[in-house]
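Colleague:
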Amino acid sequence: MPGLALPNHDAANNGFSYPRSTEQTCGQKSRAQLSPDDELSAKESLALYCKPLELYNIIRQRAIEKPPSLQRCLRYKIEAKRKKRIQISVSISGSANTRLPAHGIFPLHVLLARSSKDAPGEGHSPMYRFSRACVLTSFCESGDSGHTEATFTIPNMKSLSISQVRSLDIILISR
Numbered sequence: 001m002p003g004l005a006l007p008n009h010d011a012a013n014n015g016f017s018y019p020r021s022t023e024q025t026c027g028q029k030s031r032a033q034l035s036p037d038d039e040l041s042a043k044e045s046l047a048l049y050c051k052p053l054e055l056y057n058i059i060r061q062r063a064i065e066k067p068p069s070l071q072r073c074l075r076y077k078i079e080a081k082r083k084k085r086i087q088i089s090v091s092i093s094g095s096a097n098t099r100l101p102a103h104g105i106f107p108l109h110v111l112l113a114r115s116s117k118d119a120p121g122e123g124h125s126p127m128y129r130f131s132r133a134c135v136l137t138s139f140c141e142s143g144d145s146g147h148t149e150a151t152f153t154i155p156n157m158k159s160l161s162i163s164q165v166r167s168l169d170i171i172l173i174s175r
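Throughout the sequence shown, residue numbering follows UniProt numbering, covering 1 to 175 in sequence.
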């Protein structure tokens, strides 16, 4: 394969050996005795071979150092899309309700849901499609107030308002 180092082999000890790099390929003189015409044609063909090989090596080295522009553009688009997303955190403070014992509300399930398009008739509870769920198991002591967080990442509000998606609801479920 062009541009790759070749192993050093002796072909039946006839004096020929494979070069170890492409620089040796392009700069090495043949050891066999050739006529002047054959030597001239060999130099021309070697010059024709070295130009694409050098170009291949340059392109390969640039691809290693810097990814191609298409990959860079896609990476920038993905990063920009991630920056537009909104992160919602639901947290419960340890001092929110001192009358209710902590073990009475935990585990607390926090669900991110959308109301279903198939809305039931009046008198029935709404139906939801759940997309993400987190479980709060206890209060965490950090600094002055204890809290545990459930974090959700949602698309930006502009894309939510453009699409015909129903509103997102945060549902808290305790046992």
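Each residue gets a CB set at the ideal place from its N, CA and C atoms; glycine is no exception.
Look up residue 112 in the DSSP assignment and say whether it is helix, strand or coil.
Modeller: Sequence index remark: in the sequence shown, residue 112 carries index 112 (1-based). It is a strand residue.
Colleague: Looking at residue 173 and residue 111, is the spacing between their C-beta atoms short of 8 Å?
Modeller: Working through the sequence shown from its first residue, we reach residue 111 at position 111. Working through the sequence shown from its first residue, we reach residue 173 at position 173. For residue 111 and residue 173, yes; Cβs fall inside 8 Å.
Colleague: Look at residue 114 and residue 131 and say whether their C-beta atoms are less than 8 Å apart.
Modeller: Numbered from its first residue, the sequence shown carries residue 114 at position 114. Numbered from its first residue, the sequence shown carries residue 131 at position 131. Cβ distance < 8 Å, so residue 114 and residue 131 count as in contact.
Colleague: At what residues does the beta strand (DSSP E) containing residue 172 begin and finish?
Modeller: Along the sequence shown, one-based indexing puts residue 172 at 172. Where residue 172 is concerned, the enclosing beta strand (DSSP E) stretches over 168-173.
Colleague: Which residue from 127, 108, 107 and 109 puts its Cα closest to that of residue 116?
Modeller: Taking the first residue of the sequence shown as position 1, residue 116 is located at position 116. Closest by alpha carbon: 127.
Colleague: Among 77, 81 and 134, which one has its Cα closest to the Cα of residue 107?
Modeller: Here residue 107 corresponds to residue number 107 of the sequence shown, with the count starting at 1. Residue 134 is the option with its Cα nearest to residue 107.
Colleague: Going by DSSP, what residue range makes up the alpha helix (DSSP H) through residue 55?
Modeller: For the purposes of this step, residue 55 is taken as the residue at position 55 of the sequence shown. Element bounds for residue 55: 36-65.
Colleague: In this structure, how does DSSP classify residue 131 when only helix, strand and coil are distinguished?
Modeller: As a position in the sequence shown, residue 131 is number 131, starting the count at 1. In this structure, residue 131 counts as strand in the three-state DSSP scheme.
Colleague: Between which two residues does the alpha helix (DSSP H) containing residue 71 stretch?
Modeller: Along the sequence shown, read from residue 1 onward, the residue named residue 71 stands at position 71. Residues 69-84.
Colleague: Give me the Cα-Cα distance between residue 76 and residue 83, rounded to the nearest whole angstrom.
Modeller: The residue labelled residue 76 in the question sits at position 76 within the sequence shown. The residue labelled residue 83 in the question sits at position 83 within the sequence shown. Their Cα atoms are separated by approximately 11 Å.
Colleague: Quick check: the Cα distance between residue 57 and residue 35, rounded to an integer number of angstroms?
Modeller: The residue you call residue 57 lines up with position 57 of the sequence shown. The residue you call residue 35 lines up with position 35 of the sequence shown. Computed Cα separation, rounded: 32 Å.
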